[in-house]
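Chains as they are written, first to last, in my numbering: chain R, 1 to 85; chain L, 86 to 491.
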């Protein structure tokens, strides 16, 4: 599994982390800073990957009082689970 | 009453006994990842139909309720209250929450059997077996060594160890094909008598609908004159999609009206898309991603051939789906697929990891309508005779009974 994670694209790796830490619903969405911490990516790289995931409808944004938070969609969950099944 | 009559009657009474079955699975609809969700759904429903009480303990999913009674099956979804970036740690955490759910449930329901599906629920299943003191049955849908083509990293070794642990703790093990029985028996050094082969099944009645193929094709951006070469599955190396894509030039060379349609998603999607582009076929290959169950049924019914090019396939439920839908199937000659399909009778078996062989099979089906109809006719007959959920549920109950007797 770890070698698989090493060979997958960065944005899919980020998607896996979002899933595993539980950002699977709007109420459990995470900020960019939190995501950068969990994934050990610098915030600009994390944001770049998040944008790709949003474009592909694997991640959605929830905005609250001007703070953007990210969570993964049902398609995003299925994409992650396809790696593990 | 003589002795044999008495024994027969005693056995009959046991078979007729109503059981409380606790089934553990990490995927259950609407959380559908691969074949396990569909397998558990079909089996649980069929067991409930036989009069048994079936409790499915699974994981939460956005939009699904934490408790649901569906067609007699009681479904409990454990809330994953704590996560972790590491997959293995995440797995151990969700097992804790499943175990907690079972402990709460067991206050009211006295379970006779714990039935685990795959290593992902091993810790919760094993713990439940010990504190409830009931037999554990496990279905091994695949193995890490098979999925990953060997054990190449520490996580794989750990998963392999957990799989062994689950088989060791289980009173009996169910596998879905003889190929899988050999694999599990050899790899985990298990006694043959402990393993029962019970195939997968499908609900063939869902294909008893009429569709307007032109309308369905248009909905997916396909011209009504085009013929669909369909793939359904996760986009991961194990499924061998790249061999179908590599077969594309030979298919399109002979059948320019063909279009390859790929349903499903997975981590190797970008690689597959790049491969399609590199051989200049991207305009003839459609990646649909995930689609709804209803769309999938209609698309399957509108297809001309279903390709299952798997590299590793313990069973291959998707081949059954094609057979039930009346679509000729071209599949790799490997694992469970080689048992489901009789070459040139119920389908076409292509050499594994061989694009030329896949192209040969697809072209033969597309070129020869008599051959295609012959395959479909035989395949449908086999589906009705062998692969029904009622038959699978009856065999599963026999396994439970054996475990309770031993």
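Glycine included, each C-beta is placed from N, C-alpha and C at the ideal position.
Does the beta carbon of residue i come closer than 8 angstroms to any beta carbon on chain L?
i: residue 24 of chain R; result: yes
i: residue 59 of chain R; result: no
i: residue 9 of chain R; result: yes
i: residue 67 of chain R; result: no
i: residue 51 of chain R; result: no
i: residue 81 of chain R; result: yes
i: residue 78 of chain R; result: yes
i: residue 84 of chain R; result: yes
i: residue 17 of chain R; result: yes
i: residue 20 of chain R; result: yes
i: residue 54 of chain R; result: no
i: residue 35 of chain R; result: no
Reducing DSSP to helix, strand and coil, say where residue i ends up.
i: residue 31 of chain R; result: strand
i: residue 349 of chain L; result: strand
i: residue 108 of chain L; result: strand
i: residue 169 of chain L; result: coil
i: residue 316 of chain L; result: strand
i: residue 161 of chain L; result: strand
i: residue 481 of chain L; result: helix
i: residue 3 of chain R; result: Residue placement at residue 3 of chain R is poorly supported in this model, since its pLDDT is 44, which falls under 50; the coordinates still yield a value, given next. Helix, per DSSP.
i: residue 298 of chain L; result: helix
i: residue 140 of chain L; result: strand
i: residue 541 of chain L; result: An answer regarding residue 541 of chain L cannot be provided, because it is not within the stretch 86 to 491 covered by chain L.
i: residue 397 of chain L; result: coil
i: residue 127 of chain L; result: helix
i: residue 342 of chain L; result: coil
i: residue 327 of chain L; result: helix
i: residue 381 of chain L; result: helix
i: residue 188 of chain L; result: helix
i: residue 24 of chain R; result: coil
i: residue 60 of chain R; result: strand
i: residue 66 of chain R; result: coil
Kindly list the residues whose CB is nearer than 6 angstroms to the CB of residue i, restricted to its own chain and excluding five residues on each side of it in sequence; keep chain order.
i: residue 18 of chain R; result: 72
i: residue 211 of chain L; result: 254
i: residue 139 of chain L; result: 106, 129, 132, 133, 158
i: residue 49 of chain R; result: 10, 11, 14
i: residue 213 of chain L; result: 187, 199
Alpha carbons only, please: which of the options is nearest the one belonging to residue i?
i: residue 264 of chain L; options: L:226, L:297, L:237, L:241; result: L:226
i: residue 548 of chain L; options: L:133, L:130, L:104, L:228; result: This structure cannot settle anything about residue 548 of chain L, because the visible part of chain L is limited to 86 through 491.
i: residue 208 of chain L; options: L:197, L:234, L:173, L:374; result: L:173
i: residue 309 of chain L; options: L:416, L:371, L:297; result: L:297
i: residue 249 of chain L; options: L:234, L:223, L:233; result: L:223
i: residue 39 of chain R; options: R:81, R:28, R:10; result: R:10
i: residue 384 of chain L; options: L:395, L:347, L:399; result: L:347
i: residue 145 of chain L; options: L:135, L:113, L:171, L:121; result: L:113
i: residue 215 of chain L; options: L:202, L:329, L:256; result: L:256
i: residue 367 of chain L; options: L:399, L:330, L:396; result: L:330
i: residue 436 of chain L; options: L:285, L:147, L:325; result: L:325
i: residue 447 of chain L; options: L:358, L:344, L:475; result: L:344
i: residue 219 of chain L; options: L:236, L:201, L:235; result: L:201
i: residue 206 of chain L; options: L:307, L:438, L:111; result: L:111
i: residue 407 of chain L; options: L:396, L:431, L:418; result: L:431
i: residue 394 of chain L; options: L:306, L:351, L:370, L:444; result: L:444
Within 8 angstroms (strictly less), CB to CB, does residue i reach chain R?
i: residue 259 of chain L; result: no
i: residue 319 of chain L; result: yes
i: residue 175 of chain L; result: yes
i: residue 492 of chain L; result: No statement about residue 492 of chain L is possible, as the shown extent of chain L runs from 86 to 491 and does not include it.
i: residue 475 of chain L; result: no
i: residue 169 of chain L; result: yes
i: residue 347 of chain L; result: no
i: residue 172 of chain L; result: yes
i: residue 358 of chain L; result: no
i: residue 118 of chain L; result: yes
i: residue 278 of chain L; result: no
Once you ignore the five residues that flank residue i on each side, which residues in its own chain have a CB closer than 7 angstroms to its CB?
i: residue 233 of chain L; result: 241
i: residue 277 of chain L; result: 270
i: residue 424 of chain L; result: 262, 263, 264
i: residue 175 of chain L; result: 168, 169
Is residue i close to the ligand GTP? I mean its beta-carbon at under 7 angstroms from any heavy atom of the ligand.
i: residue 269 of chain L; result: Annotation note on the ligand GTP: not contained in the displayed structure, which lists no ligands.
Might you give, ordered along the chain, the residues of its own chain that have their beta carbon closer than 8 angstroms to the beta carbon of residue i, omitting 5 neighbours on each side?
i: residue 22 of chain R; result: 28
i: residue 161 of chain L; result: 140, 141, 142, 143, 151, 152, 186, 190
i: residue 179 of chain L; result: 111, 144, 163, 165
- Closer than 8 angstroms, Cβ to Cβ, to anything on chain R: give me those residues from the segment 440–470 of chain L, in chain order. Flagged: no residues at all.
- Could you list the residues in the segment 135–158 of chain L with a C-beta less than 9 angstroms from some C-beta on chain R, going in chain order? For the segment 135–158 of chain L, the beta-carbon criterion of a distance under 9 angstroms to any beta-carbon of chain R is satisfied by 145, 146, 147, 148.
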